[in-house]
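> Here my numbering runs 2 ahead of the position in the sequence shown, where the first position is 1. By construction, the Cβ of each residue, glycine as well, lies at the ideal position given by its N, Cα and C atoms. Keep in mind it's a predicted model, so treat the numbers as computed, not measured. Sending over a structure as structure tokens; questions will come in a sec.
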Amino acid sequence: MICITNKKNGTQKLIQILFLLTILIYSCFSNQPKNYGKVDAKLFLSDLVQQPLVVAFGGSEGGNIYAHEEAKEVRELFLKNGFALLSIGYFNSLNSPAQIDRISISAIYDTIKAIANHPKIDKDRIVLLGSSRGGELVLNIGSRYNDFDAIVAIVAPSLNLPSRFGWNSTSSWTYNDKEIPYVHASNNSIKKLKYNFYDGILEIIKENEVMDVGKIEIEKIKCPILFISAKKDEVGLLL
């Protein structure tokens with residue numbers, strides 16, 4: 003029995019498959035995430051005429067957490083002491099991107115400066131506060147913009163982490179629409195991450211210390227920084 007293959011049809015199908023794969027790969031690496039450059043912001047004001055502003059960012063839990071009812075006690079503490087509080091949801095909130103994937107710190111900065119023009123806010127006294135990934139974010143903002151008065155970074159990484167570990171990872175942050183350099187995870191560190199997150203993170207740090215890639219340039223920050231860490235923290239890449 004002789005099988006005759008239509009080479010022309012086979013070649014056309016192969017070309018179609020390669021074309022579709024090219025589109026898929028290009029879209030994965032080139033397209034901006036949905037809601038790129040959008041954030042959710044909510045301002046809480048005290049009774050003072052000219053109020054210093056605290057801009058608060060949550061961590062990897064996402065959402066606009068400082069605007070939630072669960073954070074009411076924290077908000078009121080700031081307000082009672084004469085501070086205005088601006089809660090910003092930069093991912094996994096109503097209008098922001100779904101993941102920490104190429105979050106625009108330029109858009110966040112523009113949002114802060116626009117809201118700081120409120121007549122009850124002293125725009126010359128602005129503090130950034132962030133925990134975990136939010137700490138990573140405020141350090142990145144402060145290293146690129148020098149018009150903030152203080153930064154509070156709680157269990158913040160010393161490195162820029164990727165949007166995801168493994169294939170198709172991108173930067174977590176962009177500045178002027180360009181990805182900020184971030185640490186890459188080798189196959190060895192990814193294996194460790196699956197079984198023990200702490201060991202995997204330590205492996206990534208070890209690998210990237212050699213390559214000197216993805217470090218947050220805190221030496222460029224001009225304002226005072228308060229670092230807060232947990233005594234037995236086993237996850238944060240503490241500075």
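1) Ordered along the chain, which non-local residues of its own chain (more than five positions away) have a Cβ less than 6 Å from that of E219?
2) On the DSSP bridge assignment, give the partners of D42 in chain order.
3) Less than 8 Å between the CB atoms is what I'm expecting for N97 and N37, so what's the real figure, rounded?
4) How far does the alpha helix (DSSP H) with T176 in it reach, from first residue to last?
5) By Cβ distance, which residues of its chain are closer than 7 Å to T13, with the 5 residues on each side in sequence left out?
6) Which of the three DSSP states, helix, strand or coil, is assigned to V140?
7) Rounded to whole angstroms, what's the CA-CA distance from G168 to G84? Just pull it up for me.
8) Could you check whether the region 192-201 touches the region 125-134, counting it as contact only if at least three pairs of C-beta atoms, one from each stretch, sit closer than 8 Å?
9) Nearest-angstrom Cα distance between N170 and I105?
10) Near Y177, which residues of its chain fall below 7 Å by C-beta distance, leaving aside the five closest residues on each side in sequence?
Walking through what the data contain:
1) Correct list, in chain order: S145.
2) DSSP output for D42 lists G91 as bridge partner(s).
3) At roughly 6 Å, the Cβ-Cβ gap stays under 8 Å, so N97 and N37 are in contact.
4) No alpha helix (DSSP H) holds T176; the beta strand (DSSP E) holding it covers W175 to Y177.
5) So no residue of the chain qualifies.
6) Judged by DSSP in its simplified three-state form, V140 adopts helix.
7) Each residue's alpha carbon lies about 45 Å from the other.
8) The region 192-201 vs the region 125-134: no contact.
9) Within the model, the alpha-carbon separation for N170 versus I105 is close to 16 Å.
10) I107, S108 and R146, listed in sequence order.
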